[in-house]
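Residue numbers for the sequence shown, in the UniProt record's numbering: 1 to 137.
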Amino acid sequence: MIKRERERESLLENMTIRERERESLLENMIKRERERESLLENMTSEVETSERQLESLEKELQDRNSQLQDLRTQLQEQERELEERDKQLEERDKQLEERNKQLEERDKQLEERDKQLEERDKQLEEERDKQLKEERD
1 MIKRERERES LLENMTIRER ERESLLENMI KRERERESLL ENMTSEVETS
51 ERQLESLEKE LQDRNSQLQD LRTQLQEQER ELEERDKQLE ERDKQLEERN
101 KQLEERDKQL EERDKQLEER DKQLEEERDK QLKEERD
């Protein structure tokens with residue numbers, strides 16, 4: 001009986017030890033689970049922060065794209081204006097060239113007329129000199 005009692009006590013002690021080991025294991029598991037939850041919360045927070053940053057970057061990119069599109073539109077408008085101005089300048093150049101040609105032609109005509117007038121003046125002077133000479137004689 002004593003032997004049985006001792007065996008029983010030994011069994012109880014073993015069961016108590018096992019129970020303590022189980023409790024310790026359970027506590028360790030709970031502790032690990034809390035650590036995992038904490039890690040998960042941290043990761044979730046980081047993901048949310050990253051998502052906000054990404055949204056902010058997306059908005060910034062959209063704004064920049066919009067600005068670029070506006071600039072592109074302005075540049076296209078300026079290019080059209082410059083092309084129109086070039087056309088106007090080319091037309092003006094043509095008009096000026098034509099006017100220059102006309103003026104050159106007019107200059108030639110005037111030079112020719114001047115020559116004719118000089119020749120006429122010379123003839124008139126010669127005739128006058130001749131008449132004066134005849135009158136003297």
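Each residue gets a CB set at the ideal place from its N, CA and C atoms; glycine is no exception.
DSSP-derived helix/strand/coil call for Met15: Three-state result, Met15: helix.
field: Local conformation of Met1 per DSSP, three classes
entry: DSSP places Met1 in coil when its eight states are reduced to three.
field: Whole-angstrom distance between Glu35 and Leu75, CA atom to CA atom
entry: Taking the straight line joining both Cα atoms gives about 58 Å.
- request: Jot down the residue ranges of each uninterrupted beta strand (DSSP E) in the region 29-60, minimum 3 residues, whole runs only, in chain order.
  value: Correct list: empty.
message: Rounding to the nearest angstrom, what Cα-Cα distance links Glu13 and Gln53 in this structure?
response: Glu13 and Gln53 have their C-alpha atoms spaced approximately 59 Å apart.
- prompt: What's the gap between the Cα of Gln102 and the Cα of Glu135?
  reply: Distance between the alpha carbons of Gln102 and Glu135 is about 48 Å.
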